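Novice: Per full-length UniProt numbering, the sequence shown runs over residues 1 to 194.
Note that the Cβ used here is the ideal one computed from N, Cα and C, for glycine as well.
Since this is a predicted model, take the numbers as computed values, not measurements.
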Amino acid sequence: MTNEQQSNVIRLEADRILNESGLMEALNRFGKTLVHGSYALDLMTWRDLDMYVETVDWSESRFFDLGKAIAACVQPSKMSYRNERQGETDHLPRGLYWGAYAGLFGQTWKFDVWALDAQQYRQKQEAFALLAAKINDGNRPFILSLKSELHRHPEYRRTFFSVDVYEAVFEGIRTKAQFSNWLGERRGLRYCFD
């Protein structure tokens, strides 16, 4: 199966999860919801959905109600909670977060749901629109190829991210070796991707 075919298979599963499980409907009951990331860019290489819910002064109690709604829809085996309004981790938004893992369609799916204030929600939309405008038929195969090869690396989503792959490809990077050099030059990270 090609990377593009795999992306299509994963995206169709995601469509079913969002619509048939009632997840989108449930999230929208709590606020305007944006499905973001690889799903929205049509660049899926692994089973992960990123979602932002616009909030107005949410209490943790209300956010836990959202967690119950997520659990009712996808029946996760594991859920984790973060309060980044308190934690303030550098690369994360200032909001409340649910991470969930669920077995669906015989596969493990990961869900990242952030509750953000209106300003951060708008900033995410604007940044996403700028990123999406750079993706085209010429660079899409290279992005899918690199993401497919790198997403299992232990530091992926810890020290380097999909956005690094996108930016590198926009700058002409096409191989894992080139990406390794790019990470070293841009981010000071040294990895050997075999």
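#1: State the CB to CB distance for the pair Y39 and R11, rounded to an integer number of angstroms; the pair is presumed to be in contact (CB under 8 Å).
#2: Of the choices T45, A132, Y81 and D112, whose alpha-carbon is the least far from that of S145?
#3: Helix or strand or just coil, what does DSSP make of L130?
#4: Once DSSP output is grouped into helix, strand and coil, what is the label at I68?
#5: So is E60 buried or exposed if we call it buried at 16+ other beta carbons inside 10 Å?
#6: Buried or exposed: residue 208, going by 16 or more other Cβ atoms within 10 Å of its Cβ?
#7: How far does the beta strand (DSSP E) with R82 in it reach, from first residue to last?
#8: Assuming the contact rule is C-beta atoms closer than 8 Å, Y121 and L34 should be a hit. Round their C-beta distance to whole Å, please.
#9: Using only the alpha-carbon positions, how far apart do S148 and N3 sit?
#10: Does the region 61 to 81 come into contact with the region 92 to 112, if we say contact requires no fewer than three beta-carbon pairs (one atom in each stretch) closer than 8 Å?
#11: Got a sec? Which residues, its chain only, sit under 7 Å from Y166 by beta carbon, not counting five neighbours each side?
#12: Please work out which residues of its chain come closer than 8 Å, Cβ to Cβ, to Y156, disregarding the five sequence neighbours upstream and downstream, and give them in chain order.
#13: Tell me which residues share the same chain as T55 and place their Cβ nearer than 7 Å to its Cβ, disregarding the 5 neighbours each side in the sequence.
#14: Among the residues of its own chain, which have a CB less than 7 Å from the CB of Q75, if the five just before and after it don't count?
Specialist: On the basis of the data shown:
#1: That belief holds up - the Cβ atoms of Y39 and R11 are roughly 6 Å apart, short of 8 Å.
#2: Nearest C-alpha to S145: T45.
#3: In this structure, L130 counts as helix in the three-state DSSP scheme.
#4: Reading the sequence as shown, one finds Lys at residue 68 and not Ile. Helix, per DSSP.
#5: Under a 10 Å Cβ-count criterion, E60 is classified as exposed, with fewer than 16 other Cβ atoms of the shown protein chains found around its own Cβ.
#6: This structure does not reach residue 208, given that the chain is present from 1 up to 194, and the question cannot be answered.
#7: Counting along the chain, the unbroken beta strand (DSSP E) around R82 starts and ends at K78 to N83.
#8: Y121 to L34, Cβ: 7 Å. Contact.
#9: Approximately 7 Å, taken between the alpha carbons.
#10: These segments touch.
#11: Excluding residues within five positions, the ones whose Cβ falls inside 7 Å are L131 and I143.
#12: For Y156, where only same-chain residues beyond five positions count, the Cβ hits under 8 Å are L150.
#13: Within the same chain, Cβ atoms closer than 7 Å to the Cβ of T55 are found at G31, A115, L116 and D117, the five residues on either side in sequence being excluded.
#14: Excluding residues within five positions, the ones whose Cβ falls inside 7 Å are A102.
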